[in-house]
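Residue numbers in the sequence shown follow our numbering, run continuously in steps of one, and reach 395 at the last position. All C-beta atoms in this analysis are idealised placements derived from N, C-alpha and C, irrespective of residue type, glycine included. Note that the structure is predicted; figures quoted are calculated from it, not measured. Here is the structure we will look at.
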Amino acid sequence: MKDSPFIYGTTVSEHSFTNRETETAKLRSNLLNGINTMIISPRRWGKSSLVEKVIAEINKKEKKTKTIIIDLFSVSSEEEFLETFAREIIKASSSRWQEWVSGGKDFFKKLIPKLSMGIDPGADFTLSFDWKELKKHNDEVLNLPEVISQKKGIKLIICLDEFQNLSSFPNYVDFEKKMRACWQRQKSVTYCLYGSKRHMMSDIFNNPSKPFYRFGDIMLLQKIETSKWVSFICGSFKNSGKQIDEKEAKMIPAIMKNHSWYVQQLAHYTWNLSSKKATIKEINAALDELIQANTPLYQKEVETISVTQLNLLKAVAMGEGQFTATATMQRYNLGTPRNVSKNKNILINKDLIHEINGIYEFLDPAFELWFKKQFFNQPYMITAI
Ligand SMILES: Nc1ncnc2c1ncn2[C@@H]1O[C@H](COP(=O)(O)OP(=O)(O)O)[C@@H](O)[C@H]1O
Ligand SMILES: [Mg+2]
């Protein structure tokens, strides 16, 4: 049996990548023309995949441009960030690993890096600094990409994923100023900074009183359109020896509100359950499987919020607009207007809901289906669209 053509849980940049032609072209052109670019969207819509795709294309074609992608998701301090940053830049600067250790030291004036080879010398090496010194001379690391680019006659593109994580470090306010001051002077280095926490990202890049204001172009990544999903789903079924008609294929993004991860997940289960042709029966069974598979996560999510927050979520699920209207507050037991406004912010910060044109919505379409079944006994069976 062939492997499933649908992928979720990891980034997709070559196979299973659909559409995003406009975004791909814009990001490529920005990064090659020295325009710093920030990408913001809720998680699992496709930021990391988009950046990987563009970077892979650049790596194939542009020999004088070196690229780096660092995921800041698990980086937990300024020092760790600086060490990772320095190591990845040194690695990108040369394809000959012998140069990493021998050349690495020459790039610094005040700092003295400790460099050593990893177990697999061709792939890895470690770099560390005395953390006190590092803190004092952090600008040496922040300026490292420019120093290296100038020395080697190359251009660098540095992509930092989940950038907003930096803002939870102690002393971030000073560090933020330092980063901006160093990076904006760099002529041969372009930055792509992206992240899923919309409110945090907006606060860093859209706030006129913050250092990163107007650092570059901001892209608010949108969902992939239905028609693109439909041709992707139909085509992928066909190429793998199975079949789905357009009418049924349309149901998949419709149920999942075009959410990239979930469209792929539902398409995958549907594909898996269909021996030859997918019908509404398989889609329903797939949806059931998907919700079952995610139920432990959803249960956990609900357990971590307070009763009034849960009640507010119920009001959102029922499409209520005016949370502070007396009738709504009473019907859902929302507490005081102050509770409502506090809880609303908590649910937003937890990425459970977001606001679109004054209306609050669940961010996670499958969680919403589960939630409505759980608390309002609304079935998520689909009949026809
Ligand atoms: N262009 C795309 N085409 C098809 N599926 C995509 C695309 N971008 C993302 N996906 C799906 O969404 C999932 C999450 O994508 P990812 O790039 O990790 O999102 P983010 O970085 O925004 O959290 C992927 O695992 C994949 O299933
Ligand atoms: Mg990501």
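- Residue state for Val240 is assigned as helix, using DSSP reduced to three classes.
- The three-state reading of DSSP puts His364 in strand, counting E and B together.
- Every alpha helix (DSSP H) of 4 residues or more that sits fully in the segment 166 to 225 is shown, in chain order, as 182 to 194, 208 to 215.
- For Phe95, the secondary structure class from DSSP, reduced to helix, strand or coil, is helix.
- Put simply, the backbone Cα of Phe117 is about 26 Å away from that of Phe222.
- Within the same chain, and ignoring the five residues on either side of Val64 in sequence, the residues whose Cβ sits closer than 8 Å to its Cβ are Thr34, Leu37, Arg38, Leu41.
- Judged by pairs of C-beta atoms under 8 Å, the segment 19 to 32 touches the segment 56 to 76, as three or more such pairs exist.
- Classified as exposed, Ile129 has fewer than 16 neighbouring CB atoms from the shown chains inside 10 Å of its CB.
- DSSP, reduced to helix, strand and coil, places Ala288 within a strand of the structure shown.
- Taking 7 Å as the cut-off, the C-beta of Ile17 counts as close to a heavy atom of ligand 1.
- Taking a cut-off of 5 Å from the heavy atoms of ligand 1, the residues with a C-beta inside it are Tyr18, Thr21, Val22, Phe27, Thr28, Arg30, Arg53, Arg54, Trp55, Gly56, Lys57, Ser58, Ser59, Ser270, Trp271, Gln274.
- The beta-bridge partner set that DSSP reports for Leu125 consists of Leu137.
- Taking C-beta atoms under 8 Å as the contact rule, Gly226 and Asn46 qualify, at a distance of about 3 Å.
- Judged by pairs of C-beta atoms under 8 Å, the segment 133 to 146 touches the segment 88 to 102, as three or more such pairs exist.
- Taking 4 residues as the shortest admissible run, the segment 48 to 98 contains the following complete alpha helix (DSSP H) segments, listed from N- to C-terminal end: 57 to 71.
- Put simply, the segment 332 to 340 does not touch the segment 293 to 307. Fewer than three CB pairs are less than 8 Å apart.
- DSSP, reduced to helix, strand and coil, places Phe27 outside both helices and strands of the structure shown, so it counts as coil.
- Per the coordinates, the alpha-carbon of Leu231 lies some 15 Å from the alpha-carbon of Lys267.
- In the DSSP annotation of this structure, Leu373 is not part of any beta strand (DSSP E), being labelled neither H nor E.
- Checking the 7 Å criterion, the Cβ of Asp171 is within range of a heavy atom belonging to ligand 2.
- In the structure shown, the three-state DSSP call for Asp227 is strand.
- Runs of the alpha helix (DSSP H) spanning 4 or more residues and lying entirely within the segment 304 to 355 occur at 317 to 327, 336 to 342, in chain order.
- For Asp149, the enclosing alpha helix (DSSP H) stretches over residues 148 to 152.
- Gln275 sits in a helix when the DSSP states are folded into three classes.
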